[in-house]
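The number in our numbering is simply the position in the sequence shown, starting from 1, with 53 added.
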Amino acid sequence: MTAQPARPEHSGLDTASARDVSPFKPSLVKAVFRDVTPMHVSRSAAWAAASVTRTVLTEIIDGARRAAAEEARKKLIPGDFVSAISRNVELEVGGQWYHHSPTFHGLTGVTYDAQGVVVPPPKRSRSRKPSGVVGAHRFEAGIKKLLRSRGATAVPAMVRDLDGIASVFMTDLARDAAMIVREGGTKRFGTVTLVTAGEPAVLPPLPESLRALSVRTGDRRTVGRDDVLAAIRMQLFGAIRERALGEATQNAPAC
Numbered sequence: 054m055t056a057q058p059a060r061p062e063h064s065g066l067d068t069a070s071a072r073d074v075s076p077f078k079p080s081l082v083k084a085v086f087r088d089v090t091p092m093h094v095s096r097s098a099a100w101a102a103a104s105v106t107r108t109v110l111t112e113i114i115d116g117a118r119r120a121a122a123e124e125a126r127k128k129l130i131p132g133d134f135v136s137a138i139s140r141n142v143e144l145e146v147g148g149q150w151y152h153h154s155p156t157f158h159g160l161t162g163v164t165y166d167a168q169g170v171v172v173p174p175p176k177r178s179r180s181r182k183p184s185g186v187v188g189a190h191r192f193e194a195g196i197k198k199l200l201r202s203r204g205a206t207a208v209p210a211m212v213r214d215l216d217g218i219a220s221v222f223m224t225d226l227a228r229d230a231a232m233i234v235r236e237g238g239t240k241r242f243g244t245v246t247l248v249t250a251g252e253p254a255v256l257p258p259l260p261e262s263l264r265a266l267s268v269r270t271g272d273r274r275t276v277g278r279d280d281v282l283a284a285i286r287m288q289l290f291g292a293i294r295e296r297a298l299g300e301a302t303q304n305a306p307a308c
């Protein structure tokens, strides 16, 4: 048998087995969606959301493992998390968590309002309705399972940050998917265009696959797999978006 070449900068599990080891159960996904929308969430949509969250977290963990290995450490610390997203801008997701976590204090910069007054970091909400930040604890078991599947261990502070990123990212995904259902499609997608200073930006033509998503078919009461896939295109970009879309498409059941 001829050995297949390893994919550079990507050591994730084979996509065929990703669904079998998914640490985020559909019941957890649907609980997150219920926090932001009363719409029904299809089984395939729940699997797709779980799959993409797993893909993002796997990439962050693998990046943190590489950073730890450079310092001859096996246990991951928050500094490895910072190194992972600093080296790969595609992994910078769940921005709301950065203002909440002590790991990123001093790294996100000072925010000012329109009058030039410093805006203090948001405090933990006391609302009965969980937010992406407050509901992060629900992801702890799944994060620990994912760490074990990657052969990694992490200090509690690192687990906390991974919990928060997973929760905020999935909450943002749910919010965008619900918006797509309400509006009957989407007109915006996550893109990055490199330009030279002083020259006008030339936007590339929108691929046919994205133009097709600008008009949604189906009822306005159910979040389906295609809605989650469109939300993925809004939340991610670059190589990680393509991996996430591929795995989410393959792992999600037909209905």
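Where is the CB? At the ideal position from N, CA and C, for every residue including glycine.
Just curious, the alpha helix (DSSP H) that residue i is in, first and last residue?
i	result
S80	P79 to V89
S220	P209 to E236
Using CA atoms only, rank isn't needed, just tell me which of the options is closest to residue i.
i	options	result
A230	H93, D115 and R119	H93
D115	F222, S95, A207 and T302	A207
I138	F86, D214, I233 and G237	D214
K198	S136, M287, T111 and Q303	T111
G237	M223, S220, G204 and D272	D272
R235	P76, P91, K78 and K83	P91
S97	E295, R201, T275 and G291	T275
K128	D225, L200, A283 and S184	L200
W3	V212, V281 and A125	Look at the range of the chain in this structure, 54 to 308, and you will see that residue 3 is not part of it.
F334	R203, T224, D133 and G204	The structure shown has nothing for residue 334, since the chain only spans 54 to 308.
S184	F157, Q303, E295 and F86	F86
A102	F157, S80 and H152	S80
G204	T108, R118, M287 and A189	R118
T120	F157, K83 and V135	Residue identity differs from the one stated: residue 120 is Ala in this sequence, not Thr. Residue V135 is the option with its Cα nearest to A120.
I196	I285, T108, E124 and T156	T108
G188	D88, T302 and F77	D88
A227	L298, A283 and H152	A283
I113	S104, D133 and F77	D133
V186	H153, H158 and M211	H153
V105	F157, A210 and K78	K78
W150	M232, S220 and G277	S220
Quick one: what does DSSP say residue i is sitting in, helix, strand or coil?
i	result
L289	coil
K127	coil
H152	helix
H190	helix
F242	The predicted position of F242 is uncertain, since its pLDDT is 45 and thus under 50; a value taken from the coordinates is nonetheless stated next. Residue state, collapsed to three classes: coil.
V281	helix
V94	strand
V276	strand
A59	For A59, the pLDDT reaches just 40, beneath the cut-off of 50, and the residue's location in the model is therefore unreliable, leaving the point undetermined.
L266	Low confidence applies to L266: its pLDDT is 47, below 50, so where it sits in the model is not reliable, and the reading given next is rough at best. Note: L266 maps to helix in three-state DSSP.
G299	helix
The region 139-149 in contact with the region 289-303 per 3-pair CB rule at 8 Å
yes
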